[in-house]
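Q: Sharing a structure with you now.
Numbering (full-length UniProt numbering), first residue to last: 1 to 124.
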């Protein structure tokens, strides 16, 4: 088992890894819209937050030796389920024809006040 604590300037800010690799599978911790260069929180539209979280996942997967085309499953935590169509549009643009499995979890509140948090599981 291998843990990834940094991917470029992205770093875990708690007692957890950004990702763990086990048996050719990469488990990526929940990602928010954090700027990978400045580490600043990037609050914005749901589209902006979703794209930044997905881009952070892509960066972490590349550090692990994988890529977004090898994502098996996403879990999306949304503070407002009514935003799902807008999130789906961002995912369509990000993944193009590729469609990973996905779970949607509505939640009242997310850490720091973000609108979305995304976890990923990918193969190597």
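Just so you know, even glycine gets a beta-carbon here, dropped at the ideal spot from N, CA and C.
Quick one, which of 49, 124, 16 and 70 has its alpha-carbon nearest residue 36's?
A: 49
Q: Please go through the same chain and pick out, in chain order, the residues whose beta-carbon is closer than 7 angstroms to the beta-carbon of residue 109, but skip the five residues on each side of it.
A: Hits under 7 angstroms: 79.
Q: Below 6 angstroms CB to CB, which residues in the same chain sit around residue 65 once its five sequence neighbours on both sides are set aside?
A: 124
Q: Under three-state DSSP, which class holds residue 64?
A: helix
Q: List the residues that DSSP assigns as beta-bridge partners of residue 27.
A: 20 and 121
Q: Below 8 angstroms on the Cβ atoms is my guess for residue 26 versus residue 122; work out the distance and round it to an integer in Å.
A: 5 angstroms
Q: Taking the alpha helix (DSSP H) that residue 78 falls in, what are its first and last residues?
A: That residue, residue 78, is in no alpha helix (DSSP H); its beta strand (DSSP E) goes 71 to 78.
Q: Which of the three DSSP states, helix, strand or coil, is assigned to residue 49?
A: helix
Q: With the cut-off set at 7 angstroms, would you say residue 46 and residue 86 are in Cβ contact?
A: yes
Q: Using the DSSP secondary-structure output, state which residues sit across from residue 105 in a beta bridge.
A: Looking at the DSSP assignment, residue 105 forms a beta bridge with 77.
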